[in-house]
Structure formats: structure tokens, C-alpha cells
DNA sequence: AGCATTCATGAATACGTATTCAAGGCTATT
DNA sequence: AATAGCCTTGAATACGTATTCATGAATGCT
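Protein chains in written order, with the numbering used here: chain A, 742 to 1081; chain B, 742 to 1081.
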């Protein structure tokens, strides 16, 4: 409860130097004579001095803090991404201020304002979108913002996604090669670019081969909605022999309905393919064939682009798409002569 | 790229008042005449002024920021907790700065220092521990620290856990009531109080009834270690008819080995009980009987205690234990005449 | 040796806000 | 009507650091 704040002034007095000298010792890349440095460091050590980041940020205009806004963690893909983002940014010397926001634009805008008040150097939006008037304001203030795993029609925003259309197409081609006839799609939320693009890629690739999907339903990235869609598929006259689901997290719910409620043999009676390749997809309980979103490379791209914009090296926003492979496991019938 | 920072000075000039008046308008609980307030608010609106949190924090000594240190998110319980913590603290007006740290004390201490440099008002340690010399320093600086889901022998630290010993005992009693004879335990990491307490509670309750566990192995809160322990149990002469696992996340791995590799009927041939009651435990794929850790109440307790210490209302540290019920599902044989 | 340069240091200032203090205007009380 | 008292506002200052500028010492050069 003593609450003894020790300042650079205190260190200066004890070391018999001026305050600016202390500051210089603790500012990387500034010249100080070794004699001074030794005196200052010893005094600092004895007093337990550490620079006050707030004061430093106030004057430099650099808070070395990145704001991260995320909507939910139901989908473990975002959890993995958070973990990797945190470590990558820390390596670069940045800290993370994290906010959870509801997915409607009003709430996100509110939170972005909060972050701006905290003088963050940059903002990452994971799986949420923001209004265009706010992005204008961000440009004005010179604070870069990047969308993670979400695209945006406004090309003045940087965004990092996986190659969702290509991914959807890969699924279609794999299923066609496996001889599937009645392919249904429980899409990701159509309010999100990821959901739309995966759907478009899938449907377009089918149509390119002269096929139509049996059914397409918006699964809203929700386990409940996906489960309901599955049940409805199998209460119809014509039932699917393959289901492509908008992401792994909801695909798990589909698997459970197929196996548990409908008593089907997944991979034999019906094929299921997901999207993300979260860690759980490799668990024996699920063994899910899925399109990998390379979280590591996506995170690296976000961090690189964000820091480039912060440091003024990249003034132009970029839309970066990262391709990921189809990971073949047991939940979907393999084409004849498939080699691992 | 304009980067026009508008300050309280700018607002003051435009409104024809002094800078302190502007400050007062934006400081809750300070009296200003309504005429002044109107003028200031209009000017602020026109200029798009928002107070600079850094400058405010520097002078008030309150950053309204809580540091959160977490080791890993493999265990979804911590993900749920993070989500709830974030929302609860935001409701109270606090922001979260999040860090991931490796679990060894040196790394944690480093991160705590980082947080102190950022003048956080309080620190929450989730599933990690810290050295005692650092806690001394924290006391000196007057920054409260709370352990979440981890106890500490040093009773000068506040901590919030579930009633782990009682929980372990509940499992023992349930299994005994169900007529199990050979009960094994794949414990949580014995380097953590949660792992030790659940183990102690379980073993003590067995011994109180004159029973000994068939085997106790440290599962390290790791899926791989738990899976290996399961295999070794069933390659021994005497095999268990029940396994209590240190947390749900590792229990899932145990379930998979039992079902997939050993072809056992879980709930019939062998009972499995976990700890946490994460959302996935209710999924049909797992249907896991488990002891619930009431994340909501634990989070509420952490937030309440932390804020009490920050505001100086609670000067004494407290160790808070929150009791949770056994959630009975299909993974464990129920006692005769069990009523839901 | 004398002068021009570089170099390290200290004094002063700035960053953007909250707070103390003094002064002034106003109401209320007698 | 005169004074005591409160309430509102502005001037000055503080928070803890980084940075500009001036100064003097030290070095290098011919």
C-alpha cells in the first residue's frame, strides 16, 4: 500500500545527472557515454525504476498498443488466431487491448471509439465489420484498421482472409471426383463475406461442371441452425449424399445429428466437409475433412500489413488472400484411387 | 493521414471558455453550469473532440485498465472465462490488456512487469502462478493481483477457485454409490493447486469409505498424457471400471481412446467423469458427466474482489471458493434409483 | 598551436489532461 | 442595504517522460 512511484527525476537525483540523461539511457538508439549509462543504470536498479509507459506514449504519440475486437469465441478458430496474434504482436513489441463486441455495427463502432480514445496505434477487427463513416474517421486520424477473416466491399480497408471462393471450389471438385450426386450446402452466415464467398465458390464450381446443389441453406455459423438444416434435409424426399458446412464448428453439430439422431455412417452413407481445420477436426471423434485456413500465415500477414501501415511504409490498403489446402480425413468418401 | 488531433484546448478556444471548463464537462461528477456545458458540448461535437485517455490516466493515476495473463486456451474453460471477464469488466468501465505467458514463473514475472509499466489498475492471473518476490513488489506498488482458478500457499494473495476438494469428493461419492470397484484417476497437473486439490478430495473421500484408488497418474492437463495413461490402465492386469479425469478437455481424449482404440462402451463398461462442465461436455459426442465450475459466479467474484481492492474498500486479500454441482450425463453409470 | 567540428549533457519545453487555488458573481440572510 | 456564503470559472500547476536547443568539452585537422 506504500505506492511509491519512482520517476526518472528520482533516478536523476540519485545518479547526480539530469532527468533527460536518464530518459536517454532508457530510450533505445540514443547516444549516452558509458560512464553516464553505468551511473544511471545502477541508480535505477537500486530504486527499482521502470519508465512509465503512459507518459512515454503521451509524448511520442506511440502507445505500442493494438486494439483487437472480436465478436465471439464459440468458433475455436478465433481462439487459435487470438493466441497467435498475441504472441506475434508481442514479438514485435506491441501489446493487445482486447474487446468483445456484439456483431451489429453500432456496438463495434462504439468499441472502436473506445480504442481510439486509448490512442491505439492500430486496430484489428476479427469477424466483425464496421460502418463506413467510422473508417473515414480512422483514415482522418491516421490509425490503420485491418479486417481479419472478413472481407469488405470498401477497398480502402485492408483485409486478410483465406481464399474462400477457391476453398469452396476445392470442396465441390473433391465431392464431384468422389462421385457424389446430391450435394447440399449449409452455408456460413450470408451477412459475412466468408460465408458468401465459400458458398459462391462451391456453387459456381458445381455449375461449371453442369451440376446444381441439391439445397443451400444459411446456417448462420450456428450449431443449432446447422443441426436444424440437417434434419430438414433428411426429412425431404430427396436426401443429400454430401453436405458442405460453412465452418468446422457448425460441421461438428451436423456430424452429431447424422450419427446420433439419424444413425447414418458418415463417410459412407453421407460425406461431410467443413472449413477451417481447427484442432478439434483432427480428433478421432470428428475426423473431419475440411479446408484449412492457415492461421499462422494469416496472422503473419495481418501483423506485417498492420505494422507496415503504422510505420508508414505501406500507405495503400491491401486485400490479402491466403490459400489453404483441403485436408482429407474420414468424414467424406474419397475419389477412386485417391492417394494421400 | 491528416492526423488532426483535437484537444481540450481547441474546444476551449472555439467555445470561448477555458481548458479546465472543457475538462470539467467531460469529467463525470463535476459541476458546470448548463450554459457552459451546452457551449462546450457543441464545440466538442463540431470538432469531433474526445478526451485523450492517456493524458487523463497520467494525471489521475487511474488507467481503468486491467491486465489479464493467461497461459493457454487449449482448455475452453479459460476461453469462456475470458469472454465473461471481458464483458463484466467492460460493464464496470474497465478495459482489458491481455498477455499470453508461458507457464514458468520467469515468463509470468516478465509479463507482470510489462503490465505494471502500463500502469494497470489491477492484474488477473488465470491458470498461472507468480513468484513471491514479485507479489511483494505488487503490494509495494499498491496494484492488486488476483489468481483465477488457481490457489496459492501465500495467503496474502487473493484467489478465486471452485471448491476443488469438495468437487473431487463428490465424484468419489457418486462413483461409490454407483457401485464401482476399481476407480482410477488421471489427475490434473500436480504443479497446480487445482490439479492437486481435486486429486486430494477424490482420494480422501475414497479413503473415508475405506477404499483406495486403483491408480493415480498425473495427466498434466494434457490430452496426450491422458490418452497414454488410459492405454496403460488397460494394458495392466487389473483394469479400472471408472476413470476420474482432471478436467473435461483431457477427459475428451480419454473418451476417444476408450471408444475408438479399446472399443469400450463408455457409461456401461467403464465410467468417465471430468471437471469443468465446458460447453462441449454437453455435446452428444461426449455426453460427459462432470463437476461444473460455475464460470459466471467465479468471474463475478473475481471482478467484485478486484474492484474492491482497487478502490481500497477491501484491503484484505481473500481466498474465495465457489461450489459447483455434479452434472450427471451418460458417460458414467448412475447409482441404483438415481433421480435426475 | 589554433581553429573548426563533433559530441555529450543540461535547461527548458511539450504532450493533453485534471486539479488546486484565487477571484468574481450571485443569492440569501439579517 | 450590507455582508456572509456558496457556486462557477479561469489561471496556474502537476503528471512523468521525450525532445529541442544551447553550451561547453573534447576531438580532429592543418
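From the three backbone atoms N, C-alpha and C, an ideal C-beta is built for every residue, glycine too.
Where residue i falls: helix, strand or coil (DSSP)
| i | result |
| --- | --- |
| residue 1079(A) | coil |
| residue 1052(B) | coil |
| residue 1009(A) | coil |
| residue 928(B) | strand |
| residue 986(A) | strand |
| residue 1003(B) | coil |
| residue 1037(A) | helix |
| residue 945(A) | helix |
| residue 975(A) | helix |
| residue 922(B) | coil |
| residue 934(B) | helix |
| residue 953(A) | coil |
| residue 801(B) | helix |
| residue 894(B) | coil |
| residue 967(B) | helix |
| residue 1026(B) | coil |
| residue 781(A) | helix |
| residue 745(A) | coil |
| residue 843(B) | coil |
| residue 1020(B) | helix |
For residue i, the first and last residue of its enclosing alpha helix (DSSP H)
| i | result |
| --- | --- |
| residue 790(B) | No alpha helix (DSSP H) holds residue 790(B); DSSP gives it neither H nor E. |
| residue 989(B) | 989-997 |
| residue 819(B) | 817-832 |
| residue 873(A) | 873-882 |
| residue 761(A) | 760-766 |
| residue 1083(B) | Because chain B in this structure spans residues 742 to 1081, residue 1083(B) falls outside the shown range and cannot be described. |
| residue 847(A) | 846-858 |
| residue 1074(B) | Element bounds for residue 1074(B): n/a, residue is neither H nor E. |
| residue 753(B) | 749-756 |
For residue i: DSSP bridge partner residues
| i | result |
| --- | --- |
| residue 863(A) | 807(A) |
| residue 1015(A) | 1031(A) |
| residue 838(A) | 808(A), 838(B) |
| residue 1060(A) | 900(A) |
| residue 889(A) | 867(A), 901(A) |
| residue 1067(B) | 1032(B) |
Cβ of residue i within 8 Å of any chain B Cβ
| i | result |
| --- | --- |
| residue 742(A) | Because residue 742(A) carries a pLDDT of 39, less than 50, the predicted location of this residue cannot be relied on, and the following value inherits that uncertainty. With 8 Å as the cut-off, residue 742(A) counts as an interface residue toward chain B. |
| residue 995(A) | no |
| residue 799(A) | yes |
| residue 796(A) | yes |
| residue 962(A) | no |
| residue 828(A) | yes |
| residue 804(A) | yes |
| residue 824(A) | yes |
| residue 745(A) | yes |
| residue 758(A) | no |
| residue 1044(A) | no |
| residue 820(A) | yes |
Where the beta strand (DSSP E) containing residue i begins and where it ends
| i | result |
| --- | --- |
| residue 959(A) | 956-959 |
| residue 915(A) | Premise fails: residue 915(A) lies in the alpha helix (DSSP H), 905-918, not in any beta strand (DSSP E). |
Neighbour flag for residue i against chain A, beta carbons, 8 Å
| i | result |
| --- | --- |
| residue 754(B) | no |
| residue 897(B) | no |
| residue 814(B) | yes |
| residue 912(B) | no |
| residue 1040(B) | no |
| residue 763(B) | no |
Which of the residues in the region 832-844 of chain A, read from start to end, lie with their CB under 8 Å from any CB of chain B? Residues 836, 837, 838, 839, 840, 841.
With 8 Å as the C-beta to C-beta threshold (strictly closer), list the residues of the region 770-794 of chain B near chain A in chain order. Answer set for the region 770-794 of chain B: 789, 791, 792, 793, 794.
Relative to chain B, which residues along the region 842-865 of chain A have a C-beta separation below 8 Å, given in chain order? Within the region 842-865 of chain A, the qualifying residues are 854, 855, 857, 858, 859, 860.
If the cut-off is 7 Å on Cβ atoms, which residues from the region 981-1012 of chain B count as contacting chain A, listed in chain order? Taking 7 Å as the Cβ-Cβ cut-off against chain A, the residues of the region 981-1012 of chain B that qualify are 997, 1001.
Scan the region 1011-1028 of chain B for residues whose Cβ lies nearer than 7 Å to a Cβ of chain A and list them as they occur along the chain. Those residues of the region 1011-1028 of chain B that come within reach of chain A (Cβ to Cβ, closer than 7 Å) are 1024, 1025, 1026.
Any C-beta of chain B within less than 8 Å: which residues of the region 874-886 of chain A qualify? Listed by position, the residues of the region 874-886 of chain A near chain B (Cβ gap below 8 Å) are 878, 880, 881, 882, 883.
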